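Using the working numbering, you'd call the opening residue of the sequence shown number 332 and step up by one each time.
Just so you know, even glycine gets a beta-carbon here, dropped at the ideal spot from N, CA and C.
The structure displayed is predicted, hence computed values, not measured ones.
Everything below concerns the one structure shown next.
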Amino acid sequence: MSNCLFCKIIAGDISADKIYEDDDVLAFHDIGAQAPHHFLVIPKKHISTLNDVDDAALVGKLTLTASQIAKDFGFAENGYRVVMNCNEQGGQTVYHIHLHCLGGRQLTWPPG
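Structure follows, in structure tokens:
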């Protein structure tokens, strides 16, 4: 989608602090980090919301990628949170599905 922020990052039109990239997914540091480690994992295929997902393997790959990055960064054993927001009331602000991974400190519930 031409007006999608994450599609522009994937295309290289907007820069991001990339952590990982392959043919299917891209991971990069969140510019509004809420924890010492806060990154996003996005599919390269544009999917607007979780309600639009039709590819379980791709969503699974987002999760596996986040887990591997948490291990690589050394905070997996202490724990981390993964979050996907859906639509306005769910807190979604960019309409291209993305998984937030947060770690590196004790996280509380509700988030904050």
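{"Check": "Boundaries of the alpha helix (DSSP H) in which G391 is found, first to last residue", "Outcome": "A387 to F404"}
{"Check": "Residue nearest to I350 in terms of C-alpha spacing, selected from A342, I341, H360 and G343", "Outcome": "H360"}
{"Check": "Residues sharing a beta bridge with I373, DSSP", "Outcome": "L357"}
{"Check": "The segment 413–422 touching the segment 341–355, judged by at least three CB pairs closer than 8 Å", "Outcome": "no"}
{"Check": "CB of I373 within 7 Å of CB of F337, strictly", "Outcome": "yes"}
{"Check": "Cβ pair G434, H368 closer than 7 Å", "Outcome": "yes"}
{"Check": "Cα-Cα separation, A366 to P441", "Outcome": "14 Å"}
{"Check": "Burial state of I345 (16 or more Cβ within 10 Å)", "Outcome": "exposed"}
{"Check": "Closer than 7 Å to chain D by CB, L430", "Outcome": "Going by chain labels, chain D is absent from the structure shown, which holds only one protein chain."}
{"Check": "Counterpart residues of Y351 in DSSP-defined beta bridges", "Outcome": "A358"}
{"Check": "Contact set for R436: own chain, Cβ-Cβ below 7 Å, skip 5 residues either direction", "Outcome": "A366 and P367"}
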